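FYI, in my numbering the residues of the sequence shown are 4 to 466.
Glycine is no exception: its CB is placed at the ideal position from the N, C-alpha and C atoms.
Predicted model, so just to flag it, every value in this text is computed and none were measured.
Data first, discussion second: the structure below is written as structure tokens.
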Amino acid sequence: MRPTRLSMRLGLTVSIFCALLVLIMATLAYATLSRQLDARAVDALNEKLSQIEHSLAEGLSSVAEVVLHPHNLRDQIIGHDDYTLTILDSSSPRRQLLSLGGDEGKELPIPETDGRSKDFLHLTSPEGQETLMAYRVVRLLNGQHVLVLLSLDRKSDVALLNAYVKSSLFAVPLILLLVGGGAWWFVHRELKPLRAFRKVAAMVSARDLSHRMKVDGLPDELRDLAHAINFMLHRLDSDVQQLAQFSDDLAHELRSPMNNLMGKAQVTLSRERPPSEYKQVLESCTEELERLSRMVSQMLFLASVSQPSVPLATESIDLRSEAEKVTELFSHSAEDKGMSLVIRGYAHAHGETLMIQRAISNLLSNAIRHGPAGSTVALELAESRTEALLAVRNTGEGIAAEHLPRIFDRFYRVHPSRSRQQGGTGLGLAIVRSIMSLHEGHVTVESELDGPTTFKLIFPKSA
Ligand SMILES: Nc1ncnc2c1ncn2[C@@H]1O[C@H](COP(=O)(O)OP(=O)(O)OP(=O)(O)O)[C@@H](O)[C@H]1O
Ligand SMILES: [Mg+2]
Numbered sequence: 004m005r006p007t008r009l010s011m012r013l014g015l016t017v018s019i020f021c022a023l024l025v026l027i028m029a030t031l032a033y034a035t036l037s038r039q040l041d042a043r044a045v046d047a048l049n050e051k052l053s054q055i056e057h058s059l060a061e062g063l064s065s066v067a068e069v070v071l072h073p074h075n076l077r078d079q080i081i082g083h084d085d086y087t088l089t090i091l092d093s094s095s096p097r098r099q100l101l102s103l104g105g106d107e108g109k110e111l112p113i114p115e116t117d118g119r120s121k122d123f124l125h126l127t128s129p130e131g132q133e134t135l136m137a138y139r140v141v142r143l144l145n146g147q148h149v150l151v152l153l154s155l156d157r158k159s160d161v162a163l164l165n166a167y168v169k170s171s172l173f174a175v176p177l178i179l180l181l182v183g184g185g186a187w188w189f190v191h192r193e194l195k196p197l198r199a200f201r202k203v204a205a206m207v208s209a210r211d212l213s214h215r216m217k218v219d220g221l222p223d224e225l226r227d228l229a230h231a232i233n234f235m236l237h238r239l240d241s242d243v244q245q246l247a248q249f250s251d252d253l254a255h256e257l258r259s260p261m262n263n264l265m266g267k268a269q270v271t272l273s274r275e276r277p278p279s280e281y282k283q284v285l286e287s288c289t290e291e292l293e294r295l296s297r298m299v300s301q302m303l304f305l306a307s308v309s310q311p312s313v314p315l316a317t318e319s320i321d322l323r324s325e326a327e328k329v330t331e332l333f334s335h336s337a338e339d340k341g342m343s344l345v346i347r348g349y350a351h352a353h354g355e356t357l358m359i360q361r362a363i364s365n366l367l368s369n370a371i372r373h374g375p376a377g378s379t380v381a382l383e384l385a386e387s388r389t390e391a392l393l394a395v396r397n398t399g400e401g402i403a404a405e406h407l408p409r410i411f412d413r414f415y416r417v418h419p420s421r422s423r424q425q426g427g428t429g430l431g432l433a434i435v436r437s438i439m440s441l442h443e444g445h446v447t448v449e450s451e452l453d454g455p456t457t458f459k460l461i462f463p464k465s466a
């Protein structure tokens with residue numbers, strides 16, 4: 004079964020790879036060592052055999068002399084217990100003339116030879132003794148031939164190789180244990196910050212989104228993750244705060260018309276009244292209910308624009324003709340205030356006609372509401388290669404700088420009670436902003452106290 008802990012998994016994986024690596028390296032080292040020892044044994048045998056060959060050919064004139072005066076040959080291998088020198092005559096079958104050295108008197112196989120080349124023979128006894136034998140036919144001074152066998156007992160080489168294998172077998176598990184344990188410890192230590200992530204995640208709730216990850220001292224990969232999590236928490240925090248603010252505002256907005264309606268109904272019912280008075284109260288209640296109904300439909304529209312369920316059905320729109328249509332709708336209310344509406348310039352944008360009409364009409368209704376009687380409201384259109392622009396400008400009291408950053412928030416009004424009296428819900432500009440972001444554009448405002456106020460709808464050309 005795969006371990007579930009990452010540190011354990013990494014430790015095991017590193018150990019397995021390390022085991023393979025150590026195994027390959029140990030095998031290579033064993034092969035190289037064994038080859039080197041073989042080569043050295045062959046060289047040593049060769050050298051010694053050449054010396055013996057020289058002594059035989061130069062110093063001993065016949066087979067009889069070889070048997071009678073072996074001390075010359077004994078000197079050659081004295082002090083070398085690993086060597087055994089055997090000399091055989093040329094008769095068939097060959098007869099052993101002499102045997103000197105470590106394995107003196109021991110039966111050795113007699114190799115077949117043509118007498119011209121030097122040859123080697125590897126022998127392994129049933130007890131596991133390894134012997135390397137070099138043999139050569141040597142011609143004595145009197146013309147007789149003898150077969151010289153020089154064997155080297157490889158016990159010291161075998162012991163060396165065995166010692167190497169033993170130490171490897173002991174060292175490899177130790178190395179693996181160290182490497183695996185080290186990898187586990189390192190990963191365990193390096194993943195410590197993840198426990199801080201878990202801690203923060205456990206503390207975060209909709210009621211408390213203030214917790215943040217500590218970024219200092221984290222490795223790069225985790226630092227990016229911590230930044231992303233902090234950014235996500237920050238966004239969630241501000242969204243949740245907005246939502247809380249929105250429900251507060253909504254309750255507040257609904258409370259006054261509800262109280263009004265209830266108050267009016269209770270006062271009217273407190274005693275008998277003539278029918279005309281009931282009619283008057285019902286008319287005023289209807290007005291209040293209409294405002295409430297308008298607010299609910301504005302909110303529903305805002306919700307649908309903020310979280311659209313279907314993609315925008317966009318088309319190329321002639322902003323001038325849309326501006327003219329909306330202006331036409333507002334011509335009566337403008338006339339009532341003695342105001343004139345002018346349209347200048349041309350522009351085209353991509354978007355959904357009804358939404359764009361709604362954005363223009365929200366701006367125009369504000370301009371007419373806040374512009375002084377007899378003034379002019381100007382709709383200016385312009386376009387560049389990258390943008391289309393529709394600006395709505397009115398004169399009047401203007402908006403103080405401190406209100407400008409919040410003017411597009413839901414239910415935000417500069418003069419709350421006055422705006423409510425005039426029937427405003429405080430949602431008009433929030434709707435404009437949502438419509439513009441749906442069109443990948445934006446809305447801006449420029450205003451100052453007692454100066455002109457300009458709202459601009461900016462559409463990107465590529466949308
Ligand atoms: N052209 C303008 N001149 C001065 N103040 C403005 C102008 N347009 C908007 N405002 C201020 O911004 C506030 C928010 O406007 P918004 O259109 O969102 O709400 P509203 O007009 O009060 O309500 P609704 O649009 O739902 O009728 C207004 O109450 C008003 O104080
Ligand atoms: Mg408005």
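Looking only at C-alpha atoms, which of the options sits nearest to residue i?
i	options	result
F435	Q425, G427, T447, V380	According to the sequence shown, residue 435 is Val rather than Phe. Closest option to V435, Cα to Cα, is T447.
P463	R423, L366, G354, D412	G354
E449	D211, S154, F411, S334	F411
G131	D156, H335, H351	D156
G399	L23, P375, M206, D339	P375
P96	H335, D219, P260, V149	V149
L295	L264, R77, N145	L264
Q425	N369, H351, A268, A42	N369
C288	R12, H406, A268, R274	A268
D122	D339, N49, R238	N49
L91	L153, Q301, L24	L153
T89	G431, S259, K328, S102	S102
V66	P455, H191, Q99, L36	Q99
G104	A34, S128, S343, L76	L76
H83	K158, Q147, S241, H255	K158
S94	S128, Q147, D46, P129	Q147
G341	V190, T330, A350, I371	I371
Do residue i and residue j have their C-beta atoms within less than 8 Å of each other?
i	j	result
V17	A186	yes
V395	V417	no
R471	A60	One cannot answer for residue 471 here, as it falls past the ends of the chain, which runs 4 to 466.
A362	I461	no
L236	V218	no
L194	L9	yes
R323	L384	yes
D160	L40	yes
L430	F414	yes
L144	M136	no
G401	T456	yes
F234	M216	no
A225	P196	Checking the displayed sequence, the identity of residue 225 turns out to be Leu instead of Ala. The answer is yes: Cβ separation under 8 Å.
Locate the alpha helix (DSSP H) running through residue i, then write down its first and last residues.
i	result
T387	With the sequence shown as reference, residue 387 is identified as Ser, and Thr is not the correct amino acid for it. Here S387 belongs to no alpha helix (DSSP H), and DSSP marks it neither H nor E.
S251	At residue 251 the sequence reads Asp, which differs from the Ser that was named. First-last of the alpha helix (DSSP H) with D251: 223-272.
Q424	419-424
T35	9-62
S465	S465 -> no alpha helix (DSSP H), and no H or E assigned at all.
A166	158-193
F304	278-309
L441	431-441
L212	Note, L212: premise wrong, no alpha helix (DSSP H); not H, not E.
L71	66-71
Between which two residues does the beta strand (DSSP E) holding residue i run?
i	result
M342	M342 -> no beta strand (DSSP E), and no H or E assigned at all.
Q99	99-104
S450	Run containing S450: none; DSSP gives neither H nor E here.
V141	133-142
D78	Unbroken run through D78 is the alpha helix (DSSP H), 74-80; no beta strand (DSSP E).
Y86	86-92
E318	318-321
G354	351-354
H125	122-127
So is residue i buried or exposed if we call it buried at 16+ other beta carbons inside 10 Å?
i	result
V70	exposed
A337	buried
R421	exposed
F458	buried
G183	buried
D223	exposed
M298	buried
I27	exposed
Q79	buried
Y86	buried
S307	exposed
G427	buried
M261	exposed
V168	exposed
Report task. Just jot down, in chain order, the residues whose CB lies closer than 6 Å to any heavy atom of ligand 2. Result -> N365, S368, N369, G427, G431
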